[in-house]
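Asker: Per this note's numbering: the sequence shown = residues 10 to 432.
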Amino acid sequence: MQKSVRYNEGHALYLALLARKEGTKRGYLSKKTAETNRWHEKWFALYQNVLFYFEGEQSARPAGMYMLEGCNCERVPAPKGCAAGSAKDAALDKQHYFTVLFGHEGQKPLELRCEDEVDGDEWIEAIHQASYSDILIEREVLMQKYIHLVQIVETEKVAANQLRHQLEDQDTEIERLKSEIIALNKTKEKMRPYQGNQEDEDPDIKKIKKVQSFMRGWLCRRKWKTIVQDYICSPHAESMRKRNQIVFNMVEAESEYVHQLYVLVNCFLRPLRMAASSKKPPISHDDVSSIFLNSETIMFLHEIFHQGLKARIANWPTLILADLFDILLPMLNIYQEFVRNHQYSLQVLANCKQNRDFDKLLKQYEANPACEGRMLETFLTYPMFQIPRYIITLHELLAHTPHEHVERKSLEFAKSKLEELSR
10 MQKSVRYNEG HALYLALLAR KEGTKRGYLS KKTAETNRWH EKWFALYQNV
60 LFYFEGEQSA RPAGMYMLEG CNCERVPAPK GCAAGSAKDA ALDKQHYFTV
110 LFGHEGQKPL ELRCEDEVDG DEWIEAIHQA SYSDILIERE VLMQKYIHLV
160 QIVETEKVAA NQLRHQLEDQ DTEIERLKSE IIALNKTKEK MRPYQGNQED
210 EDPDIKKIKK VQSFMRGWLC RRKWKTIVQD YICSPHAESM RKRNQIVFNM
260 VEAESEYVHQ LYVLVNCFLR PLRMAASSKK PPISHDDVSS IFLNSETIMF
310 LHEIFHQGLK ARIANWPTLI LADLFDILLP MLNIYQEFVR NHQYSLQVLA
360 NCKQNRDFDK LLKQYEANPA CEGRMLETFL TYPMFQIPRY IITLHELLAH
410 TPHEHVERKS LEFAKSKLEE LSR
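Given below as structure tokens:
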């Protein structure tokens with residue numbers, strides 16, 4: 010006889026009390042029982058990643074609870090038995106149904122419904138966000154941004170001190186120039202009678218001065234034009250143009266890669282999870298996890314990275330990228346797991362294709378216009394080339410980044426870390 014799982018009931022009751030008072034989302038939902046397939050209205054309260062339900066809003070003790078870590082919540086259509094007919098069936102047809110899918114194979118999904126569509130959307134969104142692992146990733150990203158902002162503040166403080174000293178020097182220089190102007194004005198006043206007499210005596214002096222002024226202006230413009238043209242043709246300017254082009258190409262490639270990950274997750278992973286929870290599943294949850302290991306997390310990570318790249322492009326011509334790679338580097342262990350699992354995932358997929366029902370379902374997914382005729386194996390292979398692509402891009406960036414550049418050391422560090430991962 011299997012022993013029941015023991016847990017800290019006192020602490021669970023305390024969390025239930027907090028859920029009733031401070032829960033992220035609270036309200037009445039109808040819950041379908043697994044034994045009788047009947048619907049019963051319960052009062053639910055979501056606190057962090059635990060979902061409690063009570064017999065009523067005033068109940069002090071919960072009737073049950075569900076752990077939501079690693080779960081997925083999806084909206085589902087009304088059951089076929091709720092087609093239009095009697096008044097009761099018509100009322101049921103207006104209900105909004107959604108399910109909570111558990112990652113463990115054999116675990117029946119939690120089926121819920123509510124009368125208000127907006128309320129249903131709020132419940133689905135709240136359950137989606139009730140993931141401790143997602144919060145950890147967001148916390149790490151925010152911490153990296155915080156560190157970067159602190160560095161910027163320190164840099165700005167140093168720059169402010171330098172500007173303050175420059176202002177003090179300029180104030181001193183202004184006082185000195187004022188003294189010189191006063192002295193020059195006095196000299197000019199003394200020489201004005203002589204200059205007036207000289208111009209009256211020789212009217213051609215004005216014409217000569219005007220010609221000299223035009224000549225000086227022409228010579229100055231020609232000199233600056235030569236300086237600008239020399240810089241445009243210089244190796245430094247050419248290097249900066251190539252560096253900017255590399256960054257623009259990187260943004261385009263990252264946008265395409267994020268789209269590929271989006272298709273992988275939304276056209277294959279999530280539909281197969283739903284299929285694995287059906288009454289006659291063509292694939293198990295374990296096989297889905299083996300084929301798509303870390304795919305969804307990688308998609309979220311690169312969406313953040315892509316947004317950061319677009320923000321840098323908005324600040325052109327100042328392009329600082331090193332801090333973006335500082336955000337990406339701590340998450341490389343996710344890629345390591347995906348790379349090590351790649352051959353095994355293709356093997357599991359090949360075995361699943363032996364099942365006719367699965368093969369037929371997969372071909373339906375691959376016929377989606379978003380796939381553009383590409384097979385699932387192609388989308389699973391895209392992340393394998395991303396790290397080598399970053400290494401090549403960083404190598405090209407460093408080739409056109411001066412040794413005294415502010416982010417050269419950071420780019421070299423990111424390149425070395427990525428090379429360690431690719432070995």
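By construction, the Cβ of each residue, glycine as well, lies at the ideal position given by its N, Cα and C atoms. Bear in mind that the values here come from a model prediction, so they are computed numbers and not experimental data.
Use the C-beta contact count for residue 193: other C-beta atoms within 10 angstroms, 16 or more gives buried, fewer gives exposed.
Answerer: Your numbering for residue 193 matches position 184 in the sequence shown. Residue 193 comes out exposed.
Asker: Assign residue 73 to one of three DSSP states: helix, strand, or coil.
Answerer: Locating residue 73 in the sequence shown gives position 64, where the first residue counts as 1. Three-state result, residue 73: strand.
Asker: Taking the alpha-carbon positions, what's the residue 258 to residue 408 distance?
Answerer: Within the sequence shown, numbered from 1, the residue matching residue 258 stands at position 249. Within the sequence shown, numbered from 1, the residue matching residue 408 stands at position 399. Roughly 16 Å separates the two Cα atoms.
Asker: Is the CB-CB distance between residue 276 and residue 391 below 8 Å?
Answerer: The sequence position of residue 276 within the sequence shown is 267, counting from 1. The sequence position of residue 391 within the sequence shown is 382, counting from 1. No, they are not a contact pair.
Asker: Quick check on this structure: which residue in 379, 381, 385 and 356 has the alpha carbon closest to the alpha carbon of residue 370?
Answerer: Position 361 of the sequence shown holds residue 370. That would be 385, whose Cα lies nearest to the Cα of residue 370.
Asker: Start and end of the beta strand (DSSP E) containing residue 434?
Answerer: A question about residue 434 goes unanswered here, because the residues of the chain that appear run from 10 up to 432.
Asker: For residue 54, list the residues DSSP reports as bridge partners.
Answerer: On the sequence shown, position 45 is the one that residue 54 refers to. DSSP output for residue 54 lists 35 and 61 as bridge partner(s).
Asker: To the nearest angstrom, report how far apart residue 251 and residue 299 are at their CA atoms.
Answerer: As a first step, residue 251 is located in the sequence shown; it is residue number 242 there, counting from the start. As a first step, residue 299 is located in the sequence shown; it is residue number 290 there, counting from the start. About 42 Å.
Asker: Per DSSP, which residues does residue 107 bridge with? Please list them.
Answerer: The residue you call residue 107 lines up with position 98 of the sequence shown. 84 and 121.
Asker: Would you identify the three-state DSSP class for residue 20, choosing helix, strand or coil?
Answerer: Stepping through the sequence shown from its first residue, residue 20 is reached at position 11. Helix, per DSSP.
Asker: Tell me which same chain residues have a C-beta within less than 6 Å of the C-beta of residue 255, skipping the five on either side of it?
Answerer: By 1-based counting over the sequence shown, the position of residue 255 is 246. Taken in chain order, the residues that qualify are 405 and 406.
Asker: Return the first residue and the last residue of the alpha helix (DSSP H) that residue 350 is part of.
Answerer: As a position in the sequence shown, residue 350 is number 341, starting the count at 1. Taken as a continuous stretch (DSSP letters only), the alpha helix (DSSP H) holding residue 350 covers 341-361.
Asker: To the nearest angstrom, report how far apart residue 296 and residue 317 are at their CA atoms.
Answerer: On the sequence shown, residue 296 is found 287 positions in, with the first residue counted as 1. On the sequence shown, residue 317 is found 308 positions in, with the first residue counted as 1. Roughly 34 Å separates the two Cα atoms.
Asker: Among all the DSSP beta bridges, which residues are the ones paired with residue 48?
Answerer: Counted from its first residue, the sequence shown places residue 48 at position 39. Its beta-bridge partners are 41.
Asker: For residue 54, I'd like the list of residues in its chain whose CB is within less than 6 Å of its CB, leaving aside the five on either flank, ordered along the chain.
Answerer: One-based indexing of the sequence shown puts residue 54 at position 45. If we look at residue 54 and ignore the five residues flanking it on each side, its Cβ neighbours are 28, 29, 32, 35 and 61.
Asker: Look at the alpha carbon of residue 372 and the alpha carbon of residue 366, and state the distance between them as a whole number of angstroms.
Answerer: To locate residue 372, count along the sequence shown from 1; it is residue 363. To locate residue 366, count along the sequence shown from 1; it is residue 357. Distance between the alpha carbons of residue 372 and residue 366: 10 Å.
Asker: Determine the direct distance from the alpha carbon of residue 21 to that of residue 15, and round the result to whole angstroms.
Answerer: For this step, residue 15 is matched to residue 6 along the sequence shown. For this step, residue 21 is matched to residue 12 along the sequence shown. The alpha-carbon atoms of residue 15 and residue 21 are separated by roughly 12 Å.
Asker: Excluding the 5 residues preceding and the 5 following residue 38 in the sequence, name in chain order all residues of the same chain whose CB lies nearer than 6 Å to its CB.
Answerer: As a first step, residue 38 is located in the sequence shown; it is residue number 29 there, counting from the start. Hits under 6 Å: 53, 121 and 123.
Asker: Judging by CA-CA distance, which residue of 339, 279 and 200 is the nearest neighbour of residue 112?
Answerer: On the sequence shown, residue 112 is found 103 positions in, with the first residue counted as 1. It is 279.
Asker: Helix, strand or coil for residue 6, going by three-state DSSP, please let me know.
Answerer: Absent from the structure is residue 6, since the part of the chain shown begins at 10 and ends at 432.
Asker: Please report the residue range of the alpha helix (DSSP H) in which residue 282 lies.
Answerer: Indexing the sequence shown from 1 puts residue 282 at position 273. Here the alpha helix (DSSP H) through residue 282 covers 279-285.
Asker: Assign residue 388 to one of two classes, buried (16 or more other C-beta atoms within 10 Å of its C-beta) or exposed (fewer than that).
Answerer: Indexing the sequence shown from 1 puts residue 388 at position 379. Flag for residue 388 reads buried.
Asker: Is the stretch 259-269 touching the stretch 336-343, taking contact as three or more C-beta pairs under 8 Å?
Answerer: Counting Cβ pairs under 8 Å, fewer than three are found: no touch.
Asker: Assuming residue 305 and residue 274 form a contact by the criterion Cβ under 8 Å, report the distance between their Cβ atoms to the nearest whole angstrom.
Answerer: The count along the sequence shown starts at 1 and reaches residue 305 at position 296. The count along the sequence shown starts at 1 and reaches residue 274 at position 265. Yes, residue 305 and residue 274 are in contact; Cβ-Cβ is about 5 Å, under 8 Å.
Asker: If you reduce the DSSP assignment to three classes, tell me which class residue 409 lands in.
Answerer: Sequence index remark: in the sequence shown, residue 409 carries index 400 (1-based). In this structure, residue 409 counts as coil in the three-state DSSP scheme.
Asker: Buried or exposed: where does residue 94 fall if 16 or more other Cβ atoms within 10 Å of its Cβ makes it buried?
Answerer: Counting from 1 along the sequence shown, the entry for residue 94 is found at position 85. Note that residue 94 has pLDDT 48, beneath the 50 cutoff, so the model's placement of it is unreliable and the number below is only indicative. Exposed, by the Cβ-count rule.
Asker: Go through its chain and collect everything with a Cβ distance to residue 307's Cβ below 8 Å, but skip five positions before and after it.
Answerer: Along the sequence shown, read from residue 1 onward, the residue named residue 307 stands at position 298. So the list reads 270, 343, 344, 347 and 392, once near-sequence residues are dropped.
Asker: Report back the beta-carbon spacing between residue 46 and residue 140 to the nearest angstrom; my notes put them in contact at under 8 Å.
Answerer: For the purposes of this step, residue 46 is identified with residue 37 of the sequence shown, where counting begins at 1. For the purposes of this step, residue 140 is identified with residue 131 of the sequence shown, where counting begins at 1. Actually they do not touch by this definition, with Cβ atoms about 29 Å apart.
Asker: Please name the residue in 354, 179 and 263 whose C-alpha comes closest to that of residue 322.
Answerer: Start at 1 with the first residue of the sequence shown, and residue 322 comes out as number 313. Answer by Cα proximity: 263.
Asker: Does the beta-carbon of residue 132 have 16 or more other beta-carbons within 10 angstroms, so that it is buried, or is it exposed?
Answerer: Here residue 132 refers to the residue found at position 123 of the sequence shown. Classification of residue 132: buried, given that the 10 Å Cβ count is 16 or more.
Asker: Drop a sphere of 10 angstroms on the beta-carbon of residue 167, count the other beta-carbons inside from all chains shown, and report buried for 16 or more, exposed for fewer.
Answerer: In the sequence shown, the residue the question calls residue 167 occupies position 158. By the neighbour-count rule (16 or more Cβ atoms within 10 Å), residue 167 is not buried but exposed.
Asker: Quick one: what does DSSP say residue 224 is sitting in, helix, strand or coil?
Answerer: The residue labelled residue 224 in the question sits at position 215 within the sequence shown. Three-state result, residue 224: helix.
Asker: Among 65, 108, 356 and 335, which one has its Cα closest to the Cα of residue 301?
Answerer: The sequence position of residue 301 within the sequence shown is 292, counting from 1. It is 356 whose Cα lies nearest to the Cα of residue 301.
Asker: Would you kindly work out how many angstroms separate the C-alpha atoms of residue 349 and residue 83, rounded to a whole number?
Answerer: By 1-based counting over the sequence shown, the position of residue 349 is 340. By 1-based counting over the sequence shown, the position of residue 83 is 74. Rounded to whole angstroms, residue 349 to residue 83 spans 30 Å at the Cα level.
Asker: May I have the straight-line CA-CA distance separating residue 70 from residue 56, to the nearest angstrom?
Answerer: Taking the sequence shown and counting its residues from 1, one reaches residue 70 at position 61. Taking the sequence shown and counting its residues from 1, one reaches residue 56 at position 47. Residue 70 and residue 56: Cα-Cα distance of roughly 15 Å.
Asker: Count the other CB atoms within 10 Å of the CB of residue 360; is the residue buried (16 or more) or exposed (fewer)?
Answerer: Against the sequence shown, residue 360 aligns to sequence position 351. Looking at its Cβ environment, which holds fewer than 16 other Cβ atoms inside 10 Å, residue 360 is exposed.
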